[in-house]
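**Student:**
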Amino acid sequence: MALPFLKKRVTLTFFDPNNILFGMYTIDASLDEQHTAGVDIPRHAVAKGLNITDQVRPKADELQLTAFFANMGCNAVESIKMLTQPSAEDNYKAIKDIMKRGYRCSVFTTLETYDNMLIENVSTPRSSANG
Numbered sequence: 327m328a329l330p331f332l333k334k335r336v337t338l339t340f341f342d343p344n345n346i347l348f349g350m351y352t353i354d355a356s357l358d359e360q361h362t363a364g365v366d367i368p369r370h371a372v373a374k375g376l377n378i379t380d381q382v383r384p385k386a387d388e389l390q391l392t393a394f395f396a397n398m399g400c401n402a403v404e405s406i407k408m409l410t411q412p413s414a415e416d417n418y419k420a421i422k423d424i425m426k427r428g429y430r431c432s433v434f435t436t437l438e439t440y441d442n443m444l445i446e447n448v449s450t451p452r453s454s455a456n457g
């Protein structure tokens, strides 16, 4: 269930393997959201005529985000404790660590809420212009 104050922005809520809230992170700007849902339809060949099918199997939903993260904490609780804001590099490392640990997350978007999601890929462009 999406929280009312989070409806206008994309929010990631992370849970550790014991289902304990690890942290919540609100994306500052989402440039692109690609929502994908689908099913597998097994087809059975017959001697004559069209292939037949009698079932569908849902595929896992996928969400691809292109987003900006400002110098805000990935783990809101830790940010409050430190009373400082981690750098963008710290945020990248934190999200990469969450991905490698396999922590599940809930993703709240304006289109849909996704539960039990995993981060599959994290990338960030680097150049002489942005350090």
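Note that our numbering numbers the sequence shown so that position 91 is 417, with each residue one more than the last. Ideal Cβ placement from N, Cα and C applies to all residues, glycine included. Bear in mind that the values here come from a model prediction, so they are computed numbers and not experimental data.
Tell me the DSSP secondary structure of Asn417 in three-state form.
**Tutor:** To locate residue 417, count along the sequence shown from 1; it is residue 91. Reduced to three states, the DSSP call for Asn417 is helix.
**Student:** Rounded to the nearest angstrom, what separates Leu329 and Asn377 at their Cα positions?
**Tutor:** Mapped onto the sequence shown, residue 329 falls at position 3. Mapped onto the sequence shown, residue 377 falls at position 51. Note that Leu329 has pLDDT 43, beneath the 50 cutoff, so the model's placement of it is unreliable and no number is given.
**Student:** Take the Cβ of Ala371 as the centre, count every other Cβ of all protein chains shown within 10 Å, and call the residue buried at 16 or more, exposed below.
**Tutor:** Walking along the sequence shown from the start, residue 371 turns up at place 45. Classification for Ala371: exposed.
**Student:** Under 8 Å: do the region 433-440 and the region 349-361 share three or more Cβ pairs, one atom per stretch?
**Tutor:** yes
**Student:** In this structure, does DSSP put Ile378 in helix, strand or coil?
**Tutor:** Along the sequence shown, one-based indexing puts residue 378 at 52. Reduced to three states, the DSSP call for Ile378 is strand.
**Student:** Output the distance between the C-alpha atoms of Leu444 and Pro384, rounded to the nearest integer angstrom.
**Tutor:** Working through the sequence shown from its first residue, we reach residue 444 at position 118. Working through the sequence shown from its first residue, we reach residue 384 at position 58. Note on geometry: alpha-carbon atoms of Leu444 and Pro384 lie some 17 Å from one another.
**Student:** State the DSSP-derived secondary structure class of Asp358, mapped to helix, strand or coil.
**Tutor:** Walking along the sequence shown from the start, residue 358 turns up at place 32. Here Asp358 sits in strand by DSSP.
**Student:** Over what stretch of residues does the beta strand (DSSP E) that includes Val433 continue unbroken?
**Tutor:** For this step, residue 433 is matched to residue 107 along the sequence shown. Residues Arg430 to Phe434.
**Student:** Does DSSP put Arg427 in a helix, a strand or coil?
**Tutor:** Counting from 1 along the sequence shown, the entry for residue 427 is found at position 101. Here Arg427 sits in helix by DSSP.
**Student:** Are Ser453 and Phe341 touching if we call contact CB-CB under 9 Å?
**Tutor:** As a first step, residue 453 must be located in the sequence shown, where it is residue number 127. As a first step, residue 341 must be located in the sequence shown, where it is residue number 15. No; because the gap between Cβ atoms is not below 9 Å, this pair is not in contact.
**Student:** Leaving aside the five residues before and after Ala393 along the sequence, list all residues of the same chain whose C-beta is less than 6 Å from its C-beta, in chain order.
**Tutor:** Looking up residue 393 in the sequence shown gives position 67. So the list reads Ile353 and Ser356, once near-sequence residues are dropped.
**Student:** Across which residues does DSSP place Arg383 in a beta bridge pair?
**Tutor:** Looking up residue 383 in the sequence shown gives position 57. Bridge partners of Arg383: Asp366.
**Student:** Measuring only the C-alpha atoms, how far is Gly349 from Ala386?
**Tutor:** Taking the first residue of the sequence shown as 1, we reach residue 349 at position 23. Taking the first residue of the sequence shown as 1, we reach residue 386 at position 60. If you take the alpha carbons of Gly349 and Ala386, they lie about 24 Å apart.
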